[in-house]
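Numbering (full-length UniProt numbering), first residue to last: 1 to 221. Right, one structure below, let's go through it.
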């Protein structure tokens, strides 16, 4: 029986909840609520809007240009917070699991985080990823998608206690990350599917992404 990404995410939520004390649970829940109430997710680039053109380095420093990818056809694009985030790792592995189906539909899959290339390489290696993982230093591209926010200082304190220095991973002075966001973009550069969530534990199901991509391919045919 195939386990859905949501089932894996729920298992991670349960495990995280069980090992945290009452204070940390309150702090982290409040941080998610603040991001949700900010309206950031609702203000992100969405269906029908054109995506900005950009070029970013992959984990080996090789430049990847979105314009060149779109010249060949549709693109699946996924923003994630970083390899330190267990929910991101689950999502990346789930996307790797459907990569063959994505590529069979003529689309590349590209993931983006604000981590430096060395950290991106570590993320790709530990998750056995075979699609490009790009480094968006300073969240410059993510800002153009309108999905960047600062992790609450109270949460950063817990992350540091757990050995995760997000600012250092990103080569930055502060811990800023993108909201988890997955896009299916048609060859004209317009967004046809967008999943952006203020709750970092929630992600698009790969099946949803595939369905959207099939629709794009059918429309183009």
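The beta-carbon is built from N, C-alpha and C at its ideal position, and this holds for glycine as well.
For residue 55, the enclosing beta strand (DSSP E) has its first and last residue at 55 to 57. When only Cα atoms are considered, residue 186 and residue 67 end up about 12 Å apart. Setting aside the 5 residues that flank it on each side, residue 174 is surrounded in the same chain by 150 and 167, each with a C-beta closer than 8 Å to its C-beta; the list follows chain order.
Residue pairing from DSSP places residue 178 in a beta bridge opposite 148. In the DSSP assignment, residue 194 falls within the beta strand (DSSP E) that extends over 191 to 196. Residues of the same chain with a CB within less than 7 Å of the CB of residue 139, apart from the 5 flanking positions on each side, are 114, 148, 176 and 178 in chain order.
DSSP, read as helix, strand or coil, puts residue 95 in helix. Inclusion of residue 74 and residue 184 in the CB contact set at 8 Å is warranted, their separation being smaller than that value.
Only residues of its own chain outside the window of five on either side were considered, and among them 182 and 195 have a CB closer than 7 Å to the CB of residue 204, listed in chain order.
A residue is called buried when at least 16 other Cβ atoms come within 10 angstroms of its Cβ; residue 21 does not meet this threshold and is exposed.
Within 10 angstroms of the beta-carbon of residue 17 lie fewer than 16 other beta-carbons, which makes it exposed. Proximity to residue 95 across 210, 220 and 217 peaks at 210, based on C-alpha coordinates.
Going by DSSP, residue 111 is part of the beta strand (DSSP E) stretching over 109 to 113. As the crow flies, the alpha-carbon of residue 157 is around 34 Å from that of residue 52. Taking residue 208 as reference, the option from 12, 152, 154 and 102 with the minimal CA-CA separation is 102. For residue 155, there is no enclosing beta strand (DSSP E); the enclosing alpha helix (DSSP H) covers residues 153 to 161. The C-beta distance from residue 60 to residue 121 rounds to 7 Å, short enough to fall under 8 Å. Excluding residues up to 5 positions away in sequence, 27, 28 and 31 lie with their Cβ nearer than 7 Å to the Cβ of residue 155 in the same chain.
Separation of the CB atoms of residue 87 and residue 169 is rounded to 16 Å, and the pair is thereby denied contact status at 8 Å. Taken through DSSP and simplified to helix, strand or coil, residue 172 comes out as coil. Distance from residue 153 to residue 80 at the Cβ level is roughly 22 Å; contact not present, criterion being Cβ atoms closer than 8 Å.
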